[in-house]
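This report concerns only the one structure given below.
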Amino acid sequence: MTSTANSPQLKFNKEMENIISDWLDDHCSTERYSPGLERISKFFEPLVTQIAKSKVKIITVGGTNGKGETAHTLEYLLTSRKQNVALWTSPHILSITERFRFNGINIDIDELFDLMRENGELLASAKFSYYEFLFYIFLKRTLLSQELDYIIFEVGIGGRFDAVNLLDADVAIITSISREHQEILGKTYRQILHEKLPIARPQKKLITSLELKYCQDLTATYCQIRQIDWIDLFAGGISVHSDNFSARNKKLAQYVYETSLGLGPPLVANYPAYKGRFEKISYGKCEMTFVGSHNIDGMRKLAHWLVEQIDTNSFIYDRIIMAFSRRDSDDIRVMVDTLCNIPHYHGKIVLTVFEHYKAFSAWEKLDWALEYFNSKKLLFIPDWRGQLKECRNECRTILITGSYYFVGEVQKNSIDSL
Numbered sequence: 020m021t022s023t024a025n026s027p028q029l030k031f032n033k034e035m036e037n038i039i040s041d042w043l044d045d046h047c048s049t050e051r052y053s054p055g056l057e058r059i060s061k062f063f064e065p066l067v068t069q070i071a072k073s074k075v076k077i078i079t080v081g082g083t084n085g086k087g088e089t090a091h092t093l094e095y096l097l098t099s100r101k102q103n104v105a106l107w108t109s110p111h112i113l114s115i116t117e118r119f120r121f122n123g124i125n126i127d128i129d130e131l132f133d134l135m136r137e138n139g140e141l142l143a144s145a146k147f148s149y150y151e152f153l154f155y156i157f158l159k160r161t162l163l164s165q166e167l168d169y170i171i172f173e174v175g176i177g178g179r180f181d182a183v184n185l186l187d188a189d190v191a192i193i194t195s196i197s198r199e200h201q202e203i204l205g206k207t208y209r210q211i212l213h214e215k216l217p218i219a220r221p222q223k224k225l226i227t228s229l230e231l232k233y234c235q236d237l238t239a240t241y242c243q244i245r246q247i248d249w250i251d252l253f254a255g256g257i258s259v260h261s262d263n264f265s266a267r268n269k270k271l272a273q274y275v276y277e278t279s280l281g282l283g284p285p286l287v288a289n290y291p292a293y294k295g296r297f298e299k300i301s302y303g304k305c306e307m308t309f310v311g312s313h314n315i316d317g318m319r320k321l322a323h324w325l326v327e328q329i330d331t332n333s334f335i336y337d338r339i340i341m342a343f344s345r346r347d348s349d350d351i352r353v354m355v356d357t358l359c360n361i362p363h364y365h366g367k368i369v370l371t372v373f374e375h376y377k378a379f380s381a382w383e384k385l386d387w388a389l390e391y392f393n394s395k396k397l398l399f400i401p402d403w404r405g406q407l408k409e410c411r412n413e414c415r416t417i418l419i420t421g422s423y424y425f426v427g428e429v430q431k432n433s434i435d436s437l
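Structure representation (structure tokens):
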């Protein structure tokens with residue numbers, strides 16, 4: 020198995036990944052949302068103070084979808100200009116080291132484990148969540164780096180109570196707004212914006228890419244009251260509704276690079292594939308493309324892109340395989356509907372399951388899927404490994420989508436099958 024030229028290489032030390040995973044399970048339990056900055060701020064304060072005293076510029080990227088691609092694109096633009104950059108993202112897809120990037124390179128896994136053990140005693144008093152502890156380690160490693168020009172933070176969930184919001188952003192970015200994690204963020208756009216906009220600071224910049232005028236108006240009021248320097252790319256005519264989601268993310272990153280940071284035209288013309296985002300991997304005779312689309316808005320944007328490919332005779336996928344993380348079964352129905360109703364697509368669409376503590380498991384609630392199975396629009400094949408093994412000796416082009424955790428499991432399987 021080889022990665023294509025535009026894909027990051029698959030690097031995975033299974034033994035060390037398992038050791039780290041077990042260590043984190045023993046000390047932090049599994050990854051979960053644990054709001055409340057007051058609970059953790061005193062432990063982070065020395066690190067936050069040191070970073071604030073430095074000359075480094077902080078860019079915080081929030082939003083519903085597109086955070087990861089926007090953050091990685093901005094990192095790529097800055098490192099291409101020989102800027103020293105640290106990048107924090109979550110979740111990881113294949114390796115935990117993906118969360119810790121310095122000048123475009125993941126941290127060495129042995130170095131990461133050493134840092135974790137060196138700071139493990141803190142967990143007894145701090146009661147950090149999995150996410151918070153890893154973020155703490157990221158900041159510790161950041162302070163060990165050569166003088167940095169930029170630190171880019173991708174928000175985990177929301178923004179207001181996310182650990183990244185302990186640090187003041189010079190530039191804040193909101194990539195998109197749609198309904199997700201409603202039990203945490205609320206069900207209305209007003210409530211969701213209330214959670215996401217606080218990553219912006221008074222007298223600092225906020226750049227957004229909000230399709231709905233209603234969201235733009237709410238953001239305008241929020242920023243006016245707090246004296247935040249705000250621009251929206253849709254309101255400014257820079258992004259348009261016909262742009263596919265990847266183009267929007269890249270426009271947003273490029274605008275921040277050129278205008279908000281004042282660095283002028285990029286020094287690169289093309290962008291690489293990022294982890295789980297149009298990443299292509301050859302597997303025997305077949306080629307797999309990975310595009311994580313883990314919520315309704317993300318799946319609709321993926322479908323829009325697929326229709327665009329069909330309309331321009333660029334569509335290449337003869338099979339789509341998808342699986343989902345834990346979520347409301349109605350959300351899964353909408354996402355399956357979205358893919359099964361792509362016009363003029365005649366390939367196979369496969370719904371499958373995967374083993375992961377965050378995987379969707381309430382399949383008895385998906386009785387509605389029978390209408391698709393009966394019409395043969397959708398195949399339910401629990402054994403996705405067997406599916407890929409069959410395809411390995413055939414000239415197939417497969418799109419792997421749905422949960423990012425599923426994307427990671429497929430990539431691990433591909434490595435194990437070598």
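Numbering-wise, the sequence shown is residues 20 to 437 according to our numbering. In this text, a Cβ means the ideal position worked out from N, Cα and C, and glycines have one as well.
Simplified DSSP state of Asp181, which is helix, strand or coil: coil
Cys410, enclosing alpha helix (DSSP H) - first and last residue: 403-411
Own chain, CB closer than 6 Å to Gly81, minus 5 neighbours either side, in chain order: Val174, Gly178, Ile193, Lys215, Ile218
Coarse secondary structure for Asn314, derived from DSSP in three states: coil
Leu167 - DSSP class collapsed to helix/strand/coil: coil
Phe343 vs Asn84 beta-carbon contact at 8 Å: no
Reduced DSSP secondary structure (H/G/I, E/B, other) of Ala322: helix
Collapsed DSSP secondary structure at Tyr336 in the structure displayed: coil
Cα-Cα separation between Leu56 and Arg411, rounded to whole angstroms: 48 Å
Sufficient close CB pairs (3 or more, under 8 Å) joining the segment 116-135 to the segment 318-338: no
Buried versus exposed, by CB contacts within 10 Å (16 or more), Gln406: buried
DSSP state of Ala288 mapped onto helix, strand, coil: coil
Residue of Tyr149, Ser73, Ser144 minimising C-alpha distance to Ser109: Tyr149
Classification of Ala24 by the beta-carbon crowding that lies within 10 angstroms, buried from 16 upward: Only weak support exists for where Ala24 lies, its pLDDT of 32 falling under 50; the coordinates are left without a value.
Neighbourhood of Gln273 by C-beta distance below 8 Å, restricted to the same chain and skipping five residues each side: Thr92, Leu96, Pro285
Bridge-paired residues (DSSP) for Trp42: In DSSP, Trp42 forms no bridge with anything.
C-alpha gap between Asp168 and Val326, whole angstroms: 40 Å
Cβ contact check for the segment 248-255 and the segment 226-239: 3 or more pairs under 8 Å: yes
CA nearest to the CA of Gln102, picked from Arg352, Gln165, Ile361, Asp262: Gln165
Secondary structure of Asp248, DSSP reduced to three states: strand
Cβ separation of Asn113 and Lys294, assumed to be a contact under 8 Å, to the nearest whole Å: Note on residue identity: the sequence assigns Leu, not Asn, to residue 113. The Cβ separation is near 7 Å, so the contact holds.
Ser144 classed as buried or exposed, judged by whether at least 16 other C-beta atoms fall within 10 angstroms: exposed
Opposing strand residues paired with Lys367 [DSSP bridges]: Arg338
The beta strand (DSSP E) enclosing Ile115, as first and last residue numbers: It is not in any beta strand (DSSP E) - Ile115 carries neither H nor E in the DSSP assignment.
Counted within 10 angstroms of its Cβ, other Cβ atoms place Lys30 as buried (16 or more) or exposed: exposed
Nearest to Leu158 (by Cα), restricted to the options Arg118, Asn360, Ser197: Arg118
Residues bridged to Met307 (per DSSP): Ile300, Ile417
Cβ shell of Leu43 (< 7 Å), same chain only, five flanking positions each side left out: Tyr149
According to DSSP, residues forming a beta bridge with Lys74: BP columns for Lys74 are empty, so no partner.
Integer-rounded CB distance, given that Asp189 should sit under 8 Å from Ile70: Incorrect: roughly 12 Å between the Cβ atoms, too far for contact.
Own chain, CB closer than 7 Å to Lys377, minus 5 neighbours either side, in chain order: Ser344, Arg345, Tyr424
Same chain only: Cβ atoms within 8 Å of Arg296, ignoring 5 sequence neighbours per side: Gly87, Glu88, His91, Ser265, Phe309, Val310, Gly311
Cut-off 8 Å between Cβ atoms - residues of its own chain near Arg319, not counting five sequence neighbours on either side: Thr357
Residues that Phe172 bridges to, as DSSP identifies them: Thr79, Trp107
Contacting residues, own chain, Cβ-Cβ under 8 Å from Ile257 (five flanking each side not counted): Lys270, Tyr274
First and last residue of the uninterrupted beta strand (DSSP E) at Val190: 190-193
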